[in-house]
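> I'd like to ask you about the structure that follows.
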Amino acid sequence: MILIAALALPLIAAGISFIAPKHSIASSVTLVSACALFGISVSAALSVTSAGELTAISGWISIDGLGALMFLLISFVGTIGAIFSIGYLERTEVKSNRARQYYANYNLFLFSILSVPLFAELSMVWIVVELTTLFSVFLVGYTADRRALEAAWKYAALTLMGAAIALLGFLILFWGLNTAGGGAYTWEGLRNAAPHIPPALLGTSFLLILVGFGTKVGLVPLHTWLPDAHSQAPSPVCLLLSGVETSAVLYVILRMIPIASQANGLNAGTWAQVFGLLSVGVAAFLILQVRDYKRLFAFSTVEHMGIIITAMGIGSAGAAYGTAYQLMAHALTKSLSFLVAGLVLLSFATRNIKDVRGLIRVSPLAGGSLLIAGLAIGGAPPFVVFLSEFSIFRAGIVAGDYVVVGLLALFVGIAFFGIMWHIGQMVFGEPKEEMERVTLPLSSRIALVLAGIPVLLLGVYLPEPLHKLLHLAAVALTR
Amino acid sequence: MPHALGSSLNALVGGLFLLTSFAMVATRQVRGCLRMFIYQSILLASSAFIIGVHPVYWHLIAVGMINLLTKPILIPWILRRAMPGRIFTRREVSLTINATTSLLIALGLTVLSYFIARPLLVTAHTNFATVNLPIGIAGLLLGGYTLAVRREAVPQLLALLTMENSAFYAGIAIAPNLPIISELAVAFDALVLAFVVGLLTKLIHERTGHTEVARLTDLKEEAKQ
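Protein chains in written order, with my numbering: chain S, 2 to 480; chain L, 113 to 337.
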C-alpha cells in the first residue's frame, strides 16, 4: 500500500505545482512531498529488511532488497534536490510561471525514476524508463538558450533511440518467456524461466537491452549526450540526472546480467566487463582534459557506471555486494558533488575551471565542500566510495580476475588524479582579481549539510539496517 | 479467412511496411515524411488485424485498434498543435549522405537484419514471425540510420517513432499476448513522446529561427573555449 502512495505522491505534487497560483506554493508542495517520500522509503526499506520483500500489487508493483535500496537512494536525492531548488531558483529565475513548470516537471521526473525499481513487471519497466527521458527533457533544456536546447535535443534523440532498441529486446524476452512455458513477465518469473528460455532469444534480448539502455546509462561509446545534458541542466536537476537516473536504468541491466548468464555461449558477464572497463578507461582520460567542472563530474558519472557494471561482471557474491555498495556510494557522493558544483556556479557564474580560482577565499563553505566532494567522488579514504571500490577490488582478486582489477585500479587512479588536479586549482589557485565574498542561500546550505552527512558518516560507520539492506540487494543480484 | 490467404496478405503488408521505412530515409519534404509515418502506422495496425482475425484473437484486434487511433490520428494532430505549420513546409536540401548512397546502405541493413533474425526464428512456431521479425529488425535499423543522417528535427522525431513502430511490428507476431495495460501505456508513451519532442522542436525554432538540429554544434568538442 505504501508503495502505491509513493507513486501517487509525486504525481499529486506535480499537479498542484502546475496549477498553483504562486511558485512558493509549488516549491513547498514539492518539498513536503519529497520529504514524505523519503519517510515512506525508509519505512519500506525497514520492512524489506525484516520480511525480504514488499508487495503492493502482486506481479506488478513490488520491491526486494535491491529495489528498496534504489527507492531509498532516489527519494533521498530527490529530497536534497527539492531543498536545493528553492535557493537555486531564487537566484537564477525571476518568472513565476517558469518556476512552477520547473517544479511540475521535477515531480514528474522524480515519479518516473522512482517507478523503475518499484515496478516488477518488465513491460512497465521499459515504459517508465522511456518516461524518465520524456519528463526530464525540459529540465535539461530549462534555461532555453542555444546550448541547453542542443543538449536537450541530443539527450532526447539518443536516449529515445536507445529505448526503441531496448523495446525490441523486451519483446524478444517476452517471446522467450512464452516459449519456455509462460509465467508472469516479472523479474521473479524471468528468473524461474531463464534456464528454459532458448539461448538465442535470451542472448539477443540481453544484448539489445544492454546496448539500448546502455545509451541511457552513458556507457562508452554511447555516452556522447551525457556530459552535455549533465552540464547544461540546472544544478538541482543534475543531482537527479547524475545521482540516480543513470543508476536506475543501470539497475535494469544489472538485473538482466544473472538472468542472461543462463544463456549458453553468451557470457553476459564478459560483455558487461568489456563495456564497463571501456567506460571507466575513456572517462578517466576525458576527465584529465575537461575545461568545465560540471562536465568533470559528468564524466565521473560515466566512470562510476563503468565501475558498477564491471563489478557485476565478476559474478561472485562478494562482487554483487560491491556492486550494491557502489550504487549507494555513487548516488550519495555524486549528488553532493553536483550540489557543490551548483554552489560554485552561484558564486562565480561560470562553468570554466580556469576562471574559478581561490574558491576557499571567496566562499570557504563552497571551497571546503568542493574539496571534500572531489576527494569523496575520486575514492579517497575515509569516504564511502573508497570502501565500495575496495570491496569490488577485493572481490575481483578473490575471483581471480587480476587483469580486470588491475585495469580498473589503474583507470580509477588516473581519474582520481584528474579530479584532484582540477579541483585543487579551483580551490587553492591564485584569483585573477579581488572577488567579494559570496553568501549562499540558506536552503542551499541546509541541502549541503544534509547531503554531506551520509558521505562523511558512511565512510566510517555503516548502520546495521543499511548493512542488511545492502546484503539483501546483493542477494537479489546473485539469484 | 483461410490461413494461406492470411499469410500472403501479411507478407504484402510487410513489404509495404519495409517500403515506408525506406522512404523515410530519402524523403526530403518534411510533410512527406509525416505522410510516410501515417501510412506505416496504418500498415502496423493492418498486420495486427490480419494476424488476429484467424483464429480470432481479440487481444490483437484491440492492439490494432489502439494503434489505429493513436498513431495515424492522434500523433499527427499533436504534432500539428505543438509546432507551427511553417516547420512542416521545410525541405531538407542537403542530406548528410546523398539519397542513392543512403538507399544502398539501407538495402545492406535490410539484408543484415535477415541474418540477425534467422537464428531466432528456429524457435518460431508461426509463419507470421518469419515475416514480421526480420522486417521489424530492418525497420529498427533503418530508423536508427535515418536518425543519424537526417539534419532536420521533424524527420529525426519521426525516425524515433518509426523505430518504435518497427519494434511493435515484430512484437505483434512474437509477443501477441502482452498485457493490454502495457499496450495502452506504450501508446500513451508514444503520445507523450510526440508532444515533448514536438514542443522541444518548437522551442528550438523560436530560439534559433530554424529546425536544422544538425547545425547546433556549440557543445561539440571538449577542447574549445
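In this text, a Cβ means the ideal position worked out from N, Cα and C, and glycines have one as well.
Computed from a predicted structure; not experimentally measured.
Hey, Ala285 of chain S and Gly419 of chain S are a contact pair by Cβ (cut 8 Å); roughly how many whole angstroms apart?
The Cβ separation is near 7 Å, so the contact holds.
> By the three-class DSSP mapping on this structure, what secondary structure does Leu328 of chain L have?
Leu328 of chain L falls in the coil class under three-state DSSP.
> Where does Ser364 of chain S sit, in a helix, a strand or coil, going by DSSP?
Looking at Ser364 of chain S - three-state DSSP - the assignment turns out to be coil, as it is neither helix nor strand.
> At a Cβ threshold of 7 Å, is Leu221 of chain L touching chain S?
No, Leu221 of chain L does not count as interfacial toward chain S.
> Report yes or no: is there a C-beta of chain S within less than 7 Å of the C-beta of Leu312 of chain L?
Closer than 7 Å: yes.
> With a threshold of 7 Å between beta carbons, is Thr208 of chain L in contact with chain S?
No - not a single Cβ of chain S is within 7 Å of the one on Thr208 of chain L.
> Listed in chain order, which residues of the segment 212-229 of chain S have Cβ atoms closer than 7 Å to some Cβ of chain L?
Going along the segment 212-229 of chain S in chain order, one finds Asp229 with a Cβ nearer than 7 Å to chain L.
> Just the C-alpha distance for Pro200 of chain S and Ala477 of chain S, rounded to the nearest angstrom, thanks.
Near 22 Å, if we compare the C-alpha coordinates of Ala477 of chain S and Pro200 of chain S.
> Measuring only the C-alpha atoms, how far is Ile292 of chain L from Glu246 of chain S?
Cα-Cα distance, rounded: 27 Å.
> Thinking C-alpha only, which one of L:Ala299, L:Ser294, L:Arg327 is nearest Leu273 of chain L?
Residue L:Ala299 is the option with its Cα nearest to Leu273 of chain L.
> Could you tell me if Arg480 of chain S is buried or exposed, where buried requires 16 or more neighbouring beta carbons within 10 angstroms of its beta carbon?
Exposed.
> For Ala158 of chain S, count neighbouring C-beta atoms within 10 Å of its own C-beta (all shown protein chains included) and say buried if the count is 16 or more, exposed if not.
Burial call: buried.
> Mapping DSSP to helix, strand and coil, what is Gln141 of chain L?
Correct three-state label for Gln141 of chain L: strand.
> Is the beta carbon of Asp229 of chain S less than 7 Å from the beta carbon of Lys155 of chain S?
Taking 7 Å as the Cβ cut-off, Asp229 of chain S and Lys155 of chain S qualify as a contacting pair.
> Consult DSSP for Glu122 of chain S and reduce its assignment to one of helix, strand or coil.
In the structure shown, Glu122 of chain S sits in a strand (DSSP, three-state: E or B).
> Give the residues of chain S in contact with Arg319 of chain L, contact being defined as C-beta atoms less than 9 Å apart.
Per Cβ cutoff of 9 Å: Ala145, Asp146, Arg147, Leu150.
> For Gln327 of chain S, count neighbouring C-beta atoms within 10 Å of its own C-beta (all shown protein chains included) and say buried if the count is 16 or more, exposed if not.
It counts as buried.
> Can you give the Cα-Cα distance for Ile424 of chain S and Phe298 of chain S, rounded to whole angstroms?
Taking the straight line from one Cα to the other gives about 11 Å.
> Quick one: list the residues of chain L neighbouring Ile424 of chain S, beta-carbon separation under 7 Å, in chain order.
None at all; the shortest Cβ gap to chain L is about 18 Å.
> Would you mind telling me which residues of chain L sit closer than 8 Å to Ser124 of chain S, beta carbon to beta carbon, in chain order?
Going along chain L in sequence order, the residues near Ser124 of chain S (Cβ under 8 Å) are Leu290, Pro291, Ser294, Ala297, Val298.
> Which residues mark the beginning and the end of the beta strand (DSSP E) in which Ala57 of chain S is found?
Element bounds for Ala57 of chain S: 55-58.
> Around the C-beta of Glu204 of chain L, are 16 or more other C-beta atoms found within 10 angstroms, so that it is buried, or is it exposed?
Buried, by the Cβ-count rule.
> Answer yes or no: does any C-beta atom of chain L fall closer than 7 Å to that of Thr351 of chain S?
So, not an interface residue.
> Thr213 of chain L: which of L:Ala138, L:Leu303, L:Met148 sits nearest, CA to CA?
The shortest C-alpha separation from Thr213 of chain L is found at L:Ala138.
> For the alpha helix (DSSP H) containing Ile310 of chain S, name the first residue and the last one.
Unbroken alpha helix (DSSP H) run through Ile310 of chain S: 294-315.
> Can you grab the Cα-Cα spacing for the pair Ile286 of chain L / Leu169 of chain S, in whole Å?
Rounded to whole angstroms, Ile286 of chain L to Leu169 of chain S spans 10 Å at the Cα level.
> Looking at Arg101 of chain S: is its Cβ nearer than 7 Å to the Cβ of His24 of chain S?
Yes, Cβ-Cβ distance for Arg101 of chain S and His24 of chain S is below 7 Å.
> Mark Phe227 of chain L as exposed unless 16 or more other C-beta atoms lie within 10 angstroms of its C-beta, in which case mark it buried.
By the 10 Å Cβ count, Phe227 of chain L comes out exposed.
> Is the Cβ of Val461 of chain S closer than 7 Å to any Cβ of chain L?
Not closer than 7 Å to any Cβ of chain L, the Cβ of Val461 of chain S fails to qualify, so no.
> Against chain S, does Leu191 of chain L count as a neighbour if the rule is that its beta carbon must be under 7 Å from one of theirs?
Not an interface residue.
> So Ile84 of chain S is in the alpha helix (DSSP H); what residue range does that whole segment cover?
It spans 66-93 - the alpha helix (DSSP H) in which Ile84 of chain S sits, taken as one unbroken run.
> Note down the Cα distance separating Leu443 of chain S from Leu388 of chain S, rounded to an integer number of angstroms.
C-alpha separation (whole angstroms): 32 Å.
> Using a Cβ cut-off of 7 Å (strictly closer), state whether Thr414 of chain L contacts chain S.
One cannot answer for residue 414 of chain L here, as it falls past the ends of chain L, which runs 113 to 337.
> Could you pull the start and end residues of the alpha helix (DSSP H) that Thr213 of chain L belongs to?
Segment 211-233, the alpha helix (DSSP H) holding Thr213 of chain L.
> So what does DSSP say about Thr187 of chain S, is it helix, strand or coil?
Strand at Thr187 of chain S.
> For the ligand SAM, is there a heavy atom less than 6 Å away from the beta-carbon of Ile258 of chain S?
Absence of the ligand SAM from the depicted structure is noted, as is the absence of any ligand whatsoever, leaving it without description.
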